[in-house]
Amino acid sequence: MLRPEPEEPICSAKDCREPAEWVLAWNNPKIHQPERRKTWLACEAHREHLSKFLGVRGFLKDVVPFAEWTERESRPGAERDAT
Ligand SMILES: [Zn+2]
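For the record, in the sequence shown the residue sitting at position 14 is 14 according to UniProt numbering, with numbers rising by one throughout.
See below:
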């Protein structure tokens with residue numbers, strides 16, 4: 001079966017169509033396993049706004065440049081880095 005072309009990764013902020021430059025990794029302890037990571041994408045302009053949104057709720061775990069995140073994801077066994 002053919003899969004649709006992956007969409008160009010864009011910012012998760014409402015009404016924003018900028019390409020994603022950052023990945024915000026977050027977790028809601030009430031509904032997610034502790035090691036589970038949800039991700040939002042952010043352009044440069046929305047990184048702070050979205051980080052704050054997650055940060056005040058205590059959900060934000062990590063903010064990683066998009067390129068670094070995709071590299072991490074493609075490297076098996078590297079998802080639990082202590083540093
Ligand atoms: Zn944006």
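The beta-carbon is built from N, C-alpha and C at its ideal position, and this holds for glycine as well. Computed from a predicted structure; not experimentally measured.
Next on the checklist: Run the Cβ filter for me: residues under 5 angstroms from any heavy atom of ligand 1, listed in the order they occur in the chain.
Outcome noted: Counting only beta-carbon distances shorter than 5 angstroms to the non-hydrogen atoms of ligand 1, the qualifying residues in chain order are C11, A13, C16, E18, C43 and H46.
Next on the checklist: Closer than 8 angstroms is the cut-off here; do at least three beta carbon pairs connect the region 7 to 17 with the region 25 to 34?
Outcome noted: The region 7 to 17 is not in contact with the region 25 to 34.
Item to check | Cβ shell of L39 (< 8 angstroms), same chain only, five flanking positions each side left out | outcome: Counted from its first residue, the sequence shown places residue 39 at position 39. It is worth fixing the name first, because residue 39 is Thr in this sequence and not Leu. V23, L24, A25, W26 and W69.
Next on the checklist: So, with DSSP's three-state summary, where would you put K52?
Outcome noted: Translated into positions along the sequence shown, residue 52 becomes position 52. Residue state, collapsed to three classes: helix.
Next on the checklist: Tell me the rounded alpha-carbon separation between R37 and P9.
Outcome noted: For the purposes of this step, residue 37 is taken as residue 37 along the sequence shown, with counting starting at 1. For the purposes of this step, residue 9 is taken as residue 9 along the sequence shown, with counting starting at 1. Cα to Cα, R37 sits roughly 17 angstroms from P9.
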